[in-house]
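Working notes, beginning with the structure itself.
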Amino acid sequence: MGVYFSRENFPGSPHHAVYIAGCKELVNMSAGSFPPAEGFSEKSLLKIKISEKSLKLIQSAIEREIGNQLLLLEEQMILLATAASGAPFIGLLGTVWGVMDAFGELALSGKATLATMAPGVSGSLLSTVMGLVVAIPALFGYNFIVASLKALTIDLENFGTEVLSEIEKRFVVEEPL
Numbered sequence: 001m002g003v004y005f006s007r008e009n010f011p012g013s014p015h016h017a018v019y020i021a022g023c024k025e026l027v028n029m030s031a032g033s034f035p036p037a038e039g040f041s042e043k044s045l046l047k048i049k050i051s052e053k054s055l056k057l058i059q060s061a062i063e064r065e066i067g068n069q070l071l072l073l074e075e076q077m078i079l080l081a082t083a084a085s086g087a088p089f090i091g092l093l094g095t096v097w098g099v100m101d102a103f104g105e106l107a108l109s110g111k112a113t114l115a116t117m118a119p120g121v122s123g124s125l126l127s128t129v130m131g132l133v134v135a136i137p138a139l140f141g142y143n144f145i146v147a148s149l150k151a152l153t154i155d156l157e158n159f160g161t162e163v164l165s166e167i168e169k170r171f172v173v174e175e176p177l
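Just so you know, we're using full-length UniProt numbering here: the sequence shown kicks off at 1 and counts up by one.
Put into structure tokens, the structure is as follows:
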């Protein structure tokens with residue numbers, strides 16, 4: 001709770017957001033437990049006692065915040081996924097278009113020579129190369145970020161469990177309130 005009372009802010013830290021969500025829920029549950037003159041402080045924190053039912057509500061708040069943080073981290077993944085899967089098709093479209101154009105030029109010239117076909121075919125293959133130049137790094141980046149998000153998900157869930165365990169040790173009473 002020390003970080004909560006210090007009002008320190010760690011922008012972009014999903015762990016901090018999860019911690020604050022658990023602390024806020026604890027504070028909200030115990031808000032009426034203190035005389036107005038005393039208010040809620042680190043000193044009054046020692047007097048807080050909550051039930052198992054209240055602990056479940058704190059757990060829900062922590063789990064909700066974990067979900068919110070993961071959604072924030074995943075929201076731009078669609079761009080990488082689209083680039084990785086769509087770029088080769090755009091390259092293929094350019095290739096087919098270029099080959100069709102090359103055959104059209106061949107039909108107009110009436111001569112089937114390498115000199116007639118090569119420029120159109122090489123130009124069409126350039127679009128394939130460009131599609132792959134976009135898709136391959138996007139796919140690597142996407143896979144790296146997905147693996148990192150899986151690890152972060154487990155880490156956030158473990159962290160949330162640790163926060164909840166600490167709250168349980170310090171504040172939960174055995175008998176219902």
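Note that beta-carbon positions come from the ideal geometry of N, C-alpha and C, so glycine has one too.
Per DSSP, cross-strand counterpart(s) of residue i
i, result
"Val172", "Ile50"
Beta-carbon spacing of residue i, residue j below 8 Å
i, j, result
"residue 182", "Phe159", "The question about residue 182 has no answer, for the chain in this structure spans 1 to 177."
"Glu157", "Ile66", "yes"
"Gly104", "Ser127", "no"
"Ser30", "Ile58", "no"
"Thr116", "Leu125", "no"
"residue 178", "Val96", "Nothing in the structure corresponds to residue 178, since the chain is present only between 1 and 177."
"Gly123", "Gly91", "no"
"Pro88", "Ala118", "no"
"Leu70", "Thr161", "no"
"Glu74", "Leu149", "yes"
Beta-carbon separation (whole angstroms), residue i vs residue j, contact threshold 8 Å
i, j, result
"Ile50", "Gly22", "At roughly 12 Å, the Cβ-Cβ gap does not stay under 8 Å, so Ile50 and Gly22 are not in contact."
Rounded straight-line distance, which links the Cα of residue j to that of residue i
i, j, result
"Gly110", "Asp101", "14 Å"
"Val146", "Ser85", "15 Å"
"Pro137", "Val129", "13 Å"
"Val163", "His15", "10 Å"
"Gly141", "Leu80", "7 Å"
"Leu139", "Leu72", "20 Å"
"Glu166", "Ile78", "37 Å"
"Asn68", "Asp155", "15 Å"
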